[in-house]
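Below: the structure, in structure tokens.
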Amino acid sequence: MQAETKTPRRGLVRWLLGGGLTASVASFLYPVIRFMNPPEVSEAAVNEASVAKVQDFTLNSGKIVKFGSRPVLLIRAGESDWRAFSGTCTHLDCTVQYQTASHQIWCACHNGFYDLNGRVVSGPPPRPLEEYAVHIRGDEVIVTRGAG
Ligand code: FES
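Final position of the sequence shown in the numbering used here is 161; the numbers increase by one with none missing.
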């Protein structure tokens with residue numbers, strides 16, 4: 014008679030413990046699984062962007078600007094001579110920079126050099142830099158992908 018009254022309680026305790034254990038395991042595994050399989054980040058396809066003001070660049074100067082989520086090296090080589098290249102080196106993706114003294118693009122990571130057409134001059138980079146087209150609209154510097 015006593016066994017009959019304990020059975021439902023025991024079942025309830027087991028059910029609660031089992032549920033708690035399942036919840037604990039799930040709360041531990043969920044972040045691990047999310048970390049190992051992150052959601053795809055949709056990168057907005059930017060094909061054209063206003064990246065700077067003309068007056069921000071003196072002659073023979075260059076700097077990294079944002080083109081969507083990507084870095085672009087924008088160079089003002091002359092009064093109306095603008096160049097834009099991917100800001101990441103084709104060797105191991107370090108950020109490149111413009112060297113005013115040599116008029117070349119330099120990657121400090123392994124001393125790679127590119128000319129003002131993005132071609133490799135020396136060092137380990139295997140390919141030229143991707144080039145972008147540059148247009149001036151008023152005082153805006155507009156960079157366009159794929160037209161370089
Ligand atoms: S990452 Fe640029 S030269 Fe190695």
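Built from N, CA and C at the ideal position, the CB exists for glycine as well.
For the beta strand (DSSP E) containing residue i, name the first residue and the last one.
| i | result |
| --- | --- |
| T157 | 153-157 |
| A97 | 95-99 |
| F80 | 74-80 |
| A146 | 144-150 |
| R83 | 83-89 |
| A62 | 61-66 |
| C120 | 117-120 |
| G131 | Careful: G131 lies outside any beta strand (DSSP E) and carries neither H nor E. |
Compute the minimum distance between the beta carbon of residue i and the heavy atoms of the ligand FES, and state whether it is under 7 Å.
| i | result |
| --- | --- |
| G91 | no |
| P139 | no |
| A105 | According to the sequence as given, residue 105 is Leu; it is not Ala. Flag set: Cβ of L105 near the ligand FES. |
Evaluate residue i with the Cβ neighbour count: other Cβ atoms within 10 Å of its Cβ, from every protein chain shown; 16 or more gives buried, anything less gives exposed.
| i | result |
| --- | --- |
| M14 | Because the pLDDT at M14 is just 49, under 50, the model does not fix this residue reliably, and the value given afterwards should be weighed accordingly. By the 10 Å Cβ count, M14 comes out exposed. |
| A62 | buried |
| C120 | buried |
| G75 | buried |
Beta carbon of residue i, beta carbon of residue j: below 8 Å?
| i | j | result |
| --- | --- | --- |
| V64 | V133 | no |
| A97 | N73 | no |
So, does the CB of residue i fall closer than 8 Å to a CB anywhere in chain D?
| i | result |
| --- | --- |
| K79 | Although the question refers to chain D, the structure presented lacks it and comprises just one protein chain. |
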